[in-house]
Amino acid sequence: MAPTPDQRGAAALPATGPGGDRGTTDDDGAYHRDVAGTGTRRRGTPTAHLRVQKVRPAYRQVADELRSQIMRGILEPGVRLPAEAELTRMFGVSRSTVREALRALTSQHLVETRRGVQGGSFVAAPDPAKLVEDVGGALGVLVATPQLGIGDLLEARLLLEPAAARLAAQRADEETVEALRAAATAPRDSNDPSGFVSHMDFHTLILMATGNLMFTMMGQPVSDVLRTRLDRAAVAQEEWDGVDACHATIAEHINRGEAAEAEEAMRNHLLDLRELYGHPGTWRGGPGA
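Numbering-wise, the working numbering comes out as the position in the sequence shown, counting from 1, plus 23.
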């Protein structure tokens, strides 16, 4: 019995080439034809294996080029970009394409538009506060989907904030320490009997006390989501009293420069909060976890 193609492995298969000549085709798709019936095989022209990059929309190509020059410092903050007509000529695209590119850059806070005689499109200095706000808004949307839950945010917070408390104990100056202690002992606002807003402010201050902007940019959006999604009235008042006590302890460790103790106290505090936040009915619009 003749072997099947699977049994033959790399064996050549009979094939008919261009013009009806006889030859063979290997299992890699390469065709070989017999030369003058001699049984000698000549390898056919190989087929190129192309890596095709899909063409991006024209406005994205314009936006990407301008963004690259902004990020590399070629276009510095405050510099006026060429007028739309000039950008149209430079990039060889339509005016509507240029406008769409500028809108995309404006939404990323890299370009701002000013009105008036001296107006136009200007390169903007990146504002960390706006970027944090954007990330917080995106997280708020994602938390309402199956891709990301409140539990994911709490887990990330557990990794980030204990390290921040350690750094705060090592780096915080006297003014920052006083602000932390004030936030930990702030009286309850009648409009916020849970004290939740001041609680989140305390955590934000610790992130800022690290002196590392990335801590704030990673931690603040998570706090913003918790601030808007948590149903504070669903948490018993004594639970909030316990939060106050934990904050006072953490602030005192930071005040004394006790880095290891501050880190451990923050970790234990966040573990307690995960349990507290896990109570039924705690989250608006469902548990989100």
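Backbone N, C-alpha and C define an ideal beta-carbon position, used for all residues, glycine too.
Leaving out five residues before and five after A282 in sequence, what residues of the same chain have Cβ atoms less than 6 Å from its Cβ?
R189, A192 and Q193
I think H222 touches H292, with their Cβ atoms under 8 Å apart; what is that distance to the nearest whole Å?
Actually they do not touch by this definition, with Cβ atoms about 10 Å apart.
Is it the case that the Cβ atoms of L367 and I277 are separated by a distance below 9 Å?
Examination of residue 367 is not possible in this model, given that the chain is present from 24 through 312 alone.
Can the beta-carbon of V85 be found closer than 9 Å to that of E107?
no
Do T233 and V155 have their C-beta atoms closer together than 9 Å?
It is not a contact, given that the beta carbons lie outside the stated cut-off.
Tell me the rounded alpha-carbon separation between A53 and T70.
In this prediction, A53 scores a pLDDT of 47, lower than 50, which makes its location untrustworthy; the coordinate-derived value is nonetheless stated afterwards. When the Cα atoms are used, A53 and T70 turn out to be separated by approximately 8 Å.
Only counting the same chain, and skipping five residues up and downstream in sequence, which positions put a Cβ closer than 7 Å to that of T251?
G163
By Cβ distance, which residues of its chain are closer than 6 Å to T272, with the 5 residues on each side in sequence left out?
Excluding positions up to five away in sequence, the list reads A288.
Out of P244, A127 and Q260, state which residue places its alpha-carbon closest to the alpha-carbon of R211.
Q260
With C-beta atoms as the reference, is V158 less than 9 Å away from L89?
no
Integer-rounded CB distance, given that L177 should sit under 8 Å from F145
40 Å between Cβ atoms; not a contact.
Alpha-carbon to alpha-carbon, T208 and G301
25 Å
Between which two residues does the beta strand (DSSP E) carrying G142 extend?
First-last for G142: undefined, no H or E at that position.
Report the three-state DSSP secondary structure of V200 (helix, strand or coil).
helix
If you compare alpha carbons, which of E201, D267 and M231 is closest to R279?
E201
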